[in-house]
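Those letters in the sequence shown? Residues -23 to -1, 1 to 669, by mature numbering (1 follows the signal peptide of the UniProt record, and there is no 0).
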Amino acid sequence: MKAHLLSALTLALLAGAVGAADAADTPAAAIGTPAAAAPRSGIAIENMDPAVRAQDDFFVSLNGKWLAHTAIPSDRSSWGAFEKLDDDTKPQLRAIIERAAAEAGGHAASGSDAQRIGDFYASFMDEARLERLGLEPLKEELERIDAVQDRRDLPALIAHFNRYGMGAPYAFGVHQDNKDSTKYVADIGQSGLGLPDRDYYLKKDDAKLAKILAQYERHIEKMLTLADNATPAADAKAIVALETALARAQWTQVQLRDPVKAYNKVALDKLNALTPGHDWAGYLADTGLAGKVDYVIVAQPSYLKGVAALLAKTPLAVWKAYFQWHLLHDSAPYLSKAFVDENFAMFHTALREVSEMEPRWKRGVNATDGALGESLGKLYVEAHFPAERKARMEALVKNLLAAYQGSIATLDWMSPATKKQAQAKLAKFTTKIGYPSKWRDYAELEVRRDDLLGNAMRSAEFAYQHELAKLGKPIDRAEWGMTPQTVNAYYNPEMNEIVFPAAILQPPFFDAEADDAVNYGGIGAVIGHEISHGFDDQGAQYDGDGNLRDWWSKADHQQFAAKSQMLVKQYSAFSPVKGYFVNGELTLGENIADNSGIAIAYKAYKLSLGGKAAPVIDGLTGDQRFYMGFAQVWRSKVREAQQIVYLKSDPHAPDQFRANGTVRNQPGFYDAFGVKPGDKMYLPPKERVQMW
């Protein structure tokens, strides 16, 4: 069978491709060494479709058999490399948690990590208790809403909901001041919708979105009925009308991407001028912001003005119903089966076409992970992250940074003065791999074995206080924004850092036993992607210290904008669902990072060869394995309804276009696979976008 596949590859996939092994581009600059002799290719040849030419559809060519024979699990809205790794991690976390639960039920010390982890999970798994309690866990919160008798009390209620991370018209977060990265600041911004994006409320001519909105109204009615609301149908209708008004006032996803327009520094005593009649003093006192900051960053001033108007003119009874609904929605996973099932029916089945709920143990793992992520992460790393994996990643990152340095130096569209500042920013990058150097202390978090909703709310309050406590203190540069068990990676422009959690450092992203080519195409492109975010249309507006500052010349801006608009045009033509297209403006930053990341990873791969020829493995050259390693990372299937959610709210392009849309801009891809005019993957050289 293997020989048959390779024969088919030779005839169909590799037709016209380069037959000889690659030579390094810059042998004198080599800073790494190839993997051990006769390594595995790391390419999942069994997933390939020999009937589809790489030159016509690279994504399907590499993943066609997988696409044909893989069903999305009934409890998932999408399935691919990311989801599979996440799913593989769940049993590992479950084993850690259940050991802790056994200890917590026996001899674990009160207040220990094991006690908190074990008791949180045990409280989630005690379904019988939740059925007995019914709505009782929400009694105090429902009474709090019912007690509001004056609209002047609404800012205090919003502050309370912010404290517990529950839906409210606006919320605040704590982060570095974009224009003074040595300080933490509070940022107040738009929030408060139950559906994923404003388009679900406003696009009345879209039948699919209109259907979801109608189902949403019926769902709210059912949830209010479960909560013994006296007028559930009328309240549901009023809530949807209120959220529609909020949606109309909100900024679009594309508008939200502009960090300059979102930076509006407002002194606390000037907030009332922005929204006359709104009790900001009460809000600031109840959130705990008062006395900790002199100013806040208002992300969307026009939205806050709209909210103030709605708070003034919308009947108090409607606002109370709105808060009751959001309390029910956010609490549903921690209540009895009736609430869990109804919540699932709307937000998983109706919205995302998922027919089956995840097993309760998986939901329990997710909830425990969300509450005690770094406590769990510490145990996960000890059990599942070998030290040598981190060391090899460090070498990969070093090569990628060196390749980026060389690429900036040779850019033909950037001025020398701007190149100098770009190099200065690159030199200040911080890299974090695997896990934090300092673990979060959860000692102040009370977890009880018999109080699931209380545990969830205290966890939210704990996280809230952790953020609030940052104000007025030095920047904590050791802090992580993801846990080690997260299958993802990120770039933070304010910290100017790239972060790679332990869980993503596994096949197909990183295969410690495979040849370097597939790893540079996989995790190498991920590394390059995150580095590139420092130089995408958003990240490039920050300097090496994390400050929002224009360090570009006017001519450089014009050149960059021209290349960016070419990418916008390319990706806006892609349509994963009939009648729906990728938003090239929304996905621009990620598309820049994808295209730049793979270009830099390719250069780094060449450096890693140290002037030697890459081996031919499984009949594939090093360059071919590099691009194949990239494309196999993006193998995925997505339910149509979920794809629409992504198109409306996700800044990433659909996975098939992250593969095909990226490689067709890369000169090395054309050489590796002999792509020529007439091939479907072909783009004329003048239409190819090469940025970094």
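All residues carry an ideal CB built from backbone N, CA and C; glycine is no exception.
Measuring alpha carbon to alpha carbon, tell me which of the options ends up nearest residue i.
i, options, result
"L312", "P592, Y141 and A105", "A105"
"A191", "N560, V217 and V593", "V217"
"L251", "T463, L281 and L131", "L281"
"R435", "V476, A224, A258 and R140", "R140"
"D174", "F487, Q153 and L233", "L233"
"G638", "G561, Y579 and A72", "G561"
"D307", "G144, P292 and I452", "G144"
"H46", "G596, K614, P631 and Y604", "K614"
"Q230", "L563, K583 and P209", "L563"
"D648", "I481, G599, K625 and S414", "G599"
"A399", "D533, D492, D493 and Q277", "D533"
"V554", "F406, G606, V593 and P631", "P631"
"P50", "K181, K314 and E330", "E330"
"P470", "R76, A133, N155 and A136", "N155"
"I577", "V503, M605 and R128", "V503"
"D493", "Y582, F537 and F477", "Y582"
"A479", "I569, G41, F362 and A187", "F362"
"residue 716", "E474, L482 and K546", "The structure shown has nothing for residue 716, since the chain only spans -23 to 669."
"P114", "L245, A224, A368 and D427", "D427"
"A538", "V424, W390, K396 and A163", "W390"
Roughly how many angstroms lie between the CA atoms of residue i and residue j, to the nearest whole one?
i, j, result
"K269", "H196", "40 Å"
"F650", "L39", "13 Å"
"E444", "P253", "28 Å"
"G556", "F634", "17 Å"
"T460", "D176", "32 Å"
"I94", "Q301", "30 Å"
"A360", "A91", "15 Å"
"Q462", "P654", "44 Å"
"L119", "Y623", "33 Å"
"R340", "A239", "35 Å"
"G171", "A204", "18 Å"
"L304", "Y147", "15 Å"
"Y193", "A210", "12 Å"
"E507", "K409", "12 Å"
"A7", "S414", "Low confidence applies to A7: its pLDDT is 33, below 50, so where it sits in the model is not reliable, and the reading given next is rough at best. Straight-line Cα distance between these residues: approximately 30 Å."
"E351", "W416", "6 Å"
"L373", "G411", "14 Å"
"Y468", "G458", "10 Å"
"Q382", "V593", "29 Å"
When DSSP labels each residue in this structure, what does residue i get in the three-state scheme?
i, result
"Q227", "coil"
"L586", "coil"
"K67", "helix"
"G638", "helix"
"Q92", "helix"
"D648", "helix"
"D627", "coil"
"D514", "coil"
"V503", "helix"
"T3", "Residue confidence is low: T3 scores 29 on pLDDT, short of 50, so the model does not pin down where it sits. Its coordinate-derived value is still stated next. In the structure shown, T3 sits in coil (DSSP, three-state: anything other than H, G, I, E or B)."
"R17", "strand"
"T47", "coil"
"Q167", "strand"
"S414", "coil"
"T395", "helix"
Assign residue i to one of two classes, buried (16 or more other C-beta atoms within 10 Å of its C-beta) or exposed (fewer than that).
i, result
"P644", "exposed"
"K325", "A quick correction: the sequence has His, not Lys, at residue 325. Buried, because 16 or more other Cβ atoms sit within 10 Å of the Cβ of H325."
"V652", "buried"
"S55", "buried"
"F558", "exposed"
"E567", "buried"
"E117", "exposed"
"T208", "exposed"
"D34", "buried"
"D212", "buried"
"A379", "buried"
"S509", "buried"
"A294", "exposed"
"D65", "exposed"
Under 8 Å between C-beta atoms, does residue i make it to chain C?
i, result
"Y98", "You won't find chain C in this structure, because it holds only one protein chain."
Sequence ranges, beta strand (DSSP E) only - wholly within the region 457 to 487, length at least 3: For the region 457 to 487, whole beta strand (DSSP E) runs of length 3 or above, ordered along the chain, are 467 to 469 and 474 to 478.
Please give the ranges of any beta strand (DSSP E) in the region 91 to 163, keeping only runs that are unbroken, at least 3 residues long and fully inside the region. For secondary structure counted as the beta strand (DSSP E) over 3 or more consecutive residues, the region 91 to 163 holds these complete runs in sequence order: 147 to 154.
Hey, which unbroken runs of the beta strand (DSSP E) at 3 residues or more fall wholly within the region 258 to 346? 272 to 275
Can you check the region 542 to 619 for any beta strand (DSSP E) of at least 3 residues that lies completely inside it and give the ranges in chain order? 613 to 615
Suppose only complete runs of 4+ residues qualify. What are the alpha helix (DSSP H) ranges in the region 170 to 250, listed by chain order? DSSP runs (the alpha helix (DSSP H)) wholly in the region 170 to 250: 176 to 179, 184 to 203 and 209 to 226.
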